[in-house]
């Protein structure tokens, strides 16, 4: 998912509301999220939450990806955080599985 290798991917278990949590080694200001799903195994709704160390997660944004194989890019309201949680809701797969080939979080280190 992070190695830019087309042969590798992250795949969830089946069921609703799968998620990925990213803990950054330093505070970052996130401005974009790039994600590539496997068509047929994508999420119709991605909820982004984030927080600084020692704080509770707060909602940053809802994203509505398409069910396609192409890289999708989302502009985010710039937010300073140490942890980012991406919750994949409403999978296009009957069993609720999600497959992510690429995930990039863009921004700057603070």
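Numbering (my numbering), first residue to last: -5 to 104. Virtual Cβ for every residue (Gly too), placed ideally from N, Cα, C.
Secondary structure of residue i, DSSP reduced to three states
i	result
residue 88	coil
residue -3	coil
residue 76	strand
residue 51	coil
residue 58	coil
residue 46	coil
residue 37	strand
residue 104	coil
Buried or exposed by the 16-neighbour rule on C-beta atoms within 10 Å, applied to residue i
i	result
residue 21	exposed
residue 40	buried
residue 31	buried
residue 58	exposed
residue 104	exposed
Beta-carbon proximity list for residue i, same chain, < 7 Å, skipping 5 on both sides
i	result
residue 93	3, 5, 31, 32 and 35
residue 99	16, 24, 27 and 78
Neighbourhood of residue i by C-beta, 6 Å cutoff - its chain only, sequence neighbours within 5 removed
i	result
residue 72	23 and 25
Beta-carbon separation (whole angstroms), residue i vs residue j, contact threshold 8 Å
i	j	result
residue 77	residue 27	Actually they do not touch by this definition, with Cβ atoms about 14 Å apart.
residue 61	residue 81	At roughly 17 Å, the Cβ-Cβ gap does not stay under 8 Å, so residue 61 and residue 81 are not in contact.
Contacts around residue i, its chain only, beta-carbon distance under 8 Å, and the 5 residues preceding and following it disregarded
i	result
residue 45	51, 52, 75, 76 and 77
For the region -1 to 34, list the beta strand (DSSP E) runs that are entirely contained and at least 3 residues long, ordered along the chain.
-> 12 to 31
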